[in-house]
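Working notes, beginning with the structure itself.
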Amino acid sequence: MDWAVYLYLLYSVCAVTAVQGNCPAKCHCEEMKHSKLNQIQCQGENITDFPSPIPVNTTYIYIAYTKIPSLKPGDFDSCAQTLKNVNISYSGITEILDGTFNNTHGLVVLSIRGSKLKGLPGQLFKNLRDLERLLLDRNNITGISRETFRGLIQLKFLDLAQNALRIIPEHSFDDLENLEELYLSQNCLKVLPVGIFSDLTALTKLSLSENCLQTLSVGVFEHMPLQELWLCDNQLSSLEDNVFQNLSQLHLLVLSRNRINSVSVHAFRGLSALTELSLHTNELQTLQEGTFSRLTLLANISLQLNNLEYLPGKLFHGLPALRRLDLHNNSLPNLPQELLNSLDRADEVLLYHNPWHCDKDIGPLKDWCRINSHKVSFQCPYSVIACNLPIFITETVEDVIEDKIKDMVLIILALACTSIITIIVGIIFFCRSREEKASNLPAQDSENDVHME
Numbered sequence: 063m064d065w066a067v068y069l070y071l072l073y074s075v076c077a078v079t080a081v082q083g084n085c086p087a088k089c090h091c092e093e094m095k096h097s098k099l100n101q102i103q104c105q106g107e108n109i110t111d112f113p114s115p116i117p118v119n120t121t122y123i124y125i126a127y128t129k130i131p132s133l134k135p136g137d138f139d140s141c142a143q144t145l146k147n148v149n150i151s152y153s154g155i156t157e158i159l160d161g162t163f164n165n166t167h168g169l170v171v172l173s174i175r176g177s178k179l180k181g182l183p184g185q186l187f188k189n190l191r192d193l194e195r196l197l198l199d200r201n202n203i204t205g206i207s208r209e210t211f212r213g214l215i216q217l218k219f220l221d222l223a224q225n226a227l228r229i230i231p232e233h234s235f236d237d238l239e240n241l242e243e244l245y246l247s248q249n250c251l252k253v254l255p256v257g258i259f260s261d262l263t264a265l266t267k268l269s270l271s272e273n274c275l276q277t278l279s280v281g282v283f284e285h286m287p288l289q290e291l292w293l294c295d296n297q298l299s300s301l302e303d304n305v306f307q308n309l310s311q312l313h314l315l316v317l318s319r320n321r322i323n324s325v326s327v328h329a330f331r332g333l334s335a336l337t338e339l340s341l342h343t344n345e346l347q348t349l350q351e352g353t354f355s356r357l358t359l360l361a362n363i364s365l366q367l368n369n370l371e372y373l374p375g376k377l378f379h380g381l382p383a384l385r386r387l388d389l390h391n392n393s394l395p396n397l398p399q400e401l402l403n404s405l406d407r408a409d410e411v412l413l414y415h416n417p418w419h420c421d422k423d424i425g426p427l428k429d430w431c432r433i434n435s436h437k438v439s440f441q442c443p444y445s446v447i448a449c450n451l452p453i454f455i456t457e458t459v460e461d462v463i464e465d466k467i468k469d470m471v472l473i474i475l476a477l478a479c480t481s482i483i484t485i486i487v488g489i490i491f492f493c494r495s496r497e498e499k500a501s502n503l504p505a506q507d508s509e510n511d512v513h514m515e
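Residue 510 in my numbering is what sits at position 448 of the sequence shown, and the numbering runs on without skipping anything.
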């Protein structure tokens, strides 16, 4: 063996041994020269205190499934100058004392997830000016202050999902000018203050799903280059004019599984870059003509699982990019010809599970389905568009033809006439039988008189 290689291997073994020698009990330490990553991993419920001492030059700390109750000043001091990444998950932490991260100036990623945190000291993160990712999801945090995120000028990713937040104070995000993604889903938020996100001038993704939001005020969303906005699973009942007007770069808007029964005609004004809109599983009965006007890039509209009974003919006019429209599971009896004409460029139109009335007004839909059968049956075994009324028509809308409808009408008329004639004949026979019985009564009386004499 070459002496250089031998010496290198010997040095590596000695280095690892030295690292393990300084490693806290019940932990595993590893030094990786090529990646300059010195990491420590501590796992298990038998760990009840913060591991100590943390080896000098440690860059990555991973602690999981322990019973460490709190984090305190001094826990990270031995490696404060080199520490870049801290991941503490599902470890039962209930408290982080003020000053815990005062000396970890170079920290880039901080993740404290799945624990029992209820609150955060006001200026806990003030010295973490290089921090780019902060994950605090799956805790029990009930509130934050205006000072909580003060100083995090490089932060790009903030996850506060699955906590117990009820309100976000104004100016809470003032210093987060580089924030790109913000997750506030699965909390208890009822109101969003106007301007709460106004300083997030780099934000591209915002999730507010699974909260208790009942209204959205004009001005809540402004001055942000948002590309995705998630508002599903809230308690919204209406959308007012211009509520999204400043989101000119938004591509995806998700409003599904709310209680929306009213959408103002200009609710989506300003969403010139919108490509996908989800409004499914709400309480809509109709939409106004012009609701989707000027959304020239809109390609996917989800309106299934509502109570839609009528759609105006020009509802989808001016949508040259429309490729997919989902209207299944509504209460539509028919669709006007003008609306169907605007779906010529669509690749997929889902119409099943509607109470289609196969009467004289079904003609436009019947013709459109015959010509565009490849669109309505695209990859869906349940997409057969069946007649709901009249009850004697059991075929699909495509199979219904005008002659059959006329024949059915004639049959109904014939049956009705037959019933009427039968009733009239019955009445005549009944009346005649009564007359015959009445005429026989005097003769019977005279015979009885003779017999008695």
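Heads up, the beta-carbon is just placed ideally off N, CA and C, and yes, glycines get one too. No experiment lies behind these values; they were computed from the predicted model shown.
Sub-8 angstroms separation of residue i and residue j beta-carbons
i, j, result
"G184", "E157", "no"
"S173", "N189", "no"
"D261", "E242", "no"
"N391", "L367", "yes"
"K218", "E194", "yes"
"K428", "V411", "no"
"R212", "L197", "no"
"L339", "L315", "yes"
"T128", "Q101", "no"
"L275", "L291", "no"
"V170", "N147", "yes"
Rounded separation between residue i and residue j - CA only
i, j, result
"V81", "T266", "Note that V81 scores a pLDDT of 45, beneath 50, so its modelled location is shaky and nothing firm can be said."
"L298", "E371", "21 angstroms"
"R191", "P374", "54 angstroms"
"Y124", "L244", "24 angstroms"
"L349", "I433", "26 angstroms"
"I490", "L405", "59 angstroms"
"I109", "P86", "11 angstroms"
"S495", "P417", "49 angstroms"
"Q441", "E345", "With a pLDDT of only 49 at Q441, under 50, the local geometry of the prediction cannot be trusted, and the value read off the model is given with reservation. Cα-Cα distance, rounded: 27 angstroms."
"R321", "S300", "8 angstroms"
"I463", "C431", "Residue placement at I463 is flagged as unreliable, the pLDDT there being 48, under the threshold of 50; the coordinate-derived value follows with that caveat. Each residue's alpha carbon lies about 12 angstroms from the other."
"D465", "A361", "Interpretation of D465 is limited by its pLDDT of 49, a score under 50 that renders its predicted location unreliable; no figure is taken from the coordinates."
"F454", "V327", "Residue placement at F454 is poorly supported in this model, since its pLDDT is 44, which falls under 50; the coordinates still yield a value, given next. Distance between the alpha carbons of F454 and V327: 39 angstroms."
"S334", "S324", "22 angstroms"
"I130", "C141", "19 angstroms"
"N201", "G154", "9 angstroms"
"C89", "F163", "22 angstroms"
"K252", "N273", "7 angstroms"
"F138", "S318", "44 angstroms"
"D423", "P231", "55 angstroms"
"N304", "T144", "49 angstroms"
"I482", "C294", "57 angstroms"
"L389", "L401", "13 angstroms"
"A448", "N369", "18 angstroms"
"F330", "G181", "37 angstroms"
"D221", "N249", "12 angstroms"
"R228", "S132", "24 angstroms"
"V256", "F283", "8 angstroms"
"H285", "Y152", "36 angstroms"
"T263", "P287", "7 angstroms"
"E107", "I116", "19 angstroms"
Residue i - containing alpha helix (DSSP H), residue span
i, result
"C431", "G425 to I433"
"L268", "From DSSP, L268 is part of no alpha helix (DSSP H) but of the beta strand (DSSP E) over K267 to S269."
"N403", "Q399 to N403"
Residue i - containing beta strand (DSSP E), residue span
i, result
"E93", "C89 to M94"
"Q516", "The structure shown does not extend to residue 516, since the chain is modelled only from 63 through 515, so no value can be given for it."
"L357", "Note, L357: premise wrong, no beta strand (DSSP E); not H, not E."
"A126", "Y122 to A126"
"E243", "E243 to Y245"
"V280", "No beta strand (DSSP E) contains V280, which DSSP labels as neither H nor E."
"V148", "N147 to S151"
"L339", "E338 to S340"
"L314", "L314 to V316"
"L291", "E290 to W292"
Per DSSP, the bridge partner or partners of residue i
i, result
"R386", "N362 and E410"
"A142", "Note: A142 sits in no beta bridge, so no partner."
"L197", "S173 and D221"
"N84", "DSSP output for N84 lists no bridge partner at all."
"L301", "V325"
"I158", "L133"
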